[in-house]
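Everything on this sheet refers to the single structure shown next.
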Amino acid sequence: MATVNKNLSEYDKNSIPNAKDFRFGIVVSEWNDSITEGLYRGAIEALLENQVPAQHIIRWNVPGSFELIYGSKKMLQTQNVDAVIAIGCVIQGQTKHFDFVCEGVTQGIKDLNVQTDIPVIFCVLTDNTMQQSIDRSGGVHGNKGTEAAIAAIKMAYIRQQASLSHQIDNQHLLSAGAIQLEEGRPLELKE
Numbered sequence: 238m239a240t241v242n243k244n245l246s247e248y249d250k251n252s253i254p255n256a257k258d259f260r261f262g263i264v265v266s267e268w269n270d271s272i273t274e275g276l277y278r279g280a281i282e283a284l285l286e287n288q289v290p291a292q293h294i295i296r297w298n299v300p301g302s303f304e305l306i307y308g309s310k311k312m313l314q315t316q317n318v319d320a321v322i323a324i325g326c327v328i329q330g331q332t333k334h335f336d337f338v339c340e341g342v343t344q345g346i347k348d349l350n351v352q353t354d355i356p357v358i359f360c361v362l363t364d365n366t367m368q369q370s371i372d373r374s375g376g377v378h379g380n381k382g383t384e385a386a387i388a389a390i391k392m393a394y395i396r397q398q399a400s401l402s403h404q405i406d407n408q409h410l411l412s413a414g415a416i417q418l419e420e421g422r423p424l425e426l427k428e
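Remember, my numbering sits 237 above the position in the sequence shown when you count from 1.
Given below as C-alpha cells:
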C-alpha cells in the first residue's frame with residue numbers, strides 16, 4: 238500500500254507557500270462521517286496552521302461521496318475560492334456499488350479540474366475496510382485531510398503564479414506593441 242511507509246500528516250512547513258490571502262472551500266460527505274470528520278479536522282488544522290484565516294474557509298456538507306462533484310462545482314461557481322477540497326470516504330462492500338461510486342467521483346473531480354481554472358483536491362478515501370480508513374483519517378498513517386490541505390495551498394499558489402506570469406507576459410507584449418487593447422474587447426495579437 239502506498240501509505241504504509243508514509244505519514245500523511247507530515248510535511249515541511251518551510252516549503253509551503255504563504256497562504257494568508259487564499260480562500261478555500263471544503264466540501265464534506267456526510268456518509269461515513271466518523272471518517273470524513275477526521276479528514277476535515279486534519280484539513281482545517283493544516284490550513285489554520287499555515288496562516289489561512291478561519292473566515293477564508295467555507296465548509297459545505299453533501300449527503301455522500303458521489304455528491305462531492307456537484308457540491309464542488311457549485312462551490313466553484315458561487316464562492317470566491319482559490320481551491321476546493323472534496324472530502325469523502327467509500328469503503329468496499331459486497332456489491333459493485335463501491336466500484337461505480339469510486340470511478341464516478343474520481344472522474345467527476347478530474348473533470349472539474351479540466352473544466353475550471355480553480356483546483357479541486359481529491360481527498361476521498363477508497364479503502365477495503367473501515368480500519369484502513371481510520372488509519373488514514375488521523376490514525377497510524379496520519380491524516381489524508383492534512384495532505385489534501387497542503388496540496389490545496391500548493392495548487393492555489395501555482396494558480397496565482399500562473400496568473401501573474403500571464404499578466405506579466407501580456408504587459409510585455411503590450412509595451413512592445415505586439416498586442417493592442419480596445420475598451421470592452423479582449424487582447425488581440427497584431428498580425
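Ideal Cβ placement from N, Cα and C applies to all residues, glycine included.
Beta-carbon separation (whole angstroms), residue i vs residue j, contact threshold 8 Å
| i | j | result |
| --- | --- | --- |
| Ala320 | Ala393 | 4 Å |
| Ala291 | Cys360 | Their Cβ separation, rounded to whole angstroms, is 19 Å, which puts Ala291 and Cys360 out of contact at 8 Å. |
| Gly382 | Leu276 | 4 Å |
Straight-line Cα distance separating residue j from residue i
| i | j | result |
| --- | --- | --- |
| Asn380 | Ala256 | 20 Å |
| Ser252 | Glu267 | 32 Å |
| Gln397 | Ser302 | 29 Å |
| Lys311 | Ala389 | 18 Å |
| Glu304 | Trp297 | 11 Å |
| Lys333 | Gln344 | 17 Å |
| Asp258 | Ile395 | 14 Å |
| Arg260 | Arg373 | 25 Å |
| Asp249 | Ala385 | 14 Å |
| Val289 | Ser370 | 27 Å |
| Leu401 | Gln329 | 43 Å |
| Ile387 | Ser309 | 18 Å |
| Ile346 | Val299 | 15 Å |
| Thr315 | Ile263 | 13 Å |
| Ile272 | Arg278 | 10 Å |
| Cys339 | Gly375 | 21 Å |
| Glu274 | Phe335 | 20 Å |
Residue nearest to residue i in terms of C-alpha spacing, selected from the options
| i | options | result |
| --- | --- | --- |
| Gln331 | Leu284, His293 and Asn365 | Asn365 |
| Ile295 | Asn244, Val265 and Gly279 | Val265 |
| Ala323 | Ser370, Val357 and Ser271 | Val357 |
| His293 | Pro300, Gln344, Val318 and Glu274 | Val318 |
| Ile306 | Leu362, Gly341, Glu384 and Thr315 | Gly341 |
| Lys391 | Gln368, Met367, Gly308 and Ala283 | Ala283 |
| Gln368 | Asp354, Cys326 and Lys347 | Cys326 |
| Asp270 | Lys347, Thr315 and Leu362 | Leu362 |
| Asn287 | Gly308, Pro254, Lys347 and Gly375 | Pro254 |
| Asp348 | Leu313, Gly262 and Ile263 | Leu313 |
Residue(s) in a DSSP beta bridge with residue i
| i | result |
| --- | --- |
| Val327 | Thr363 |
| Phe261 | Ile294 and Ala320 |
| Gly376 | Gly379 |
| Ile355 | BP columns for Ile355 are empty, so no partner. |
| Asn266 | Per the sequence presented here, residue 266 reads as Ser, with Asn not at that position. Paired residue(s): Val299. |
Buried versus exposed, by CB contacts within 10 Å (16 or more), residue i
| i | result |
| --- | --- |
| Phe337 | exposed |
| Val351 | exposed |
| Glu247 | exposed |
| Val377 | exposed |
| Leu245 | buried |
| Asp354 | exposed |
| Leu426 | Its pLDDT being 49, under 50, Leu426 is placed unreliably in this model, and the coordinates cannot settle the point. |
| Lys243 | exposed |
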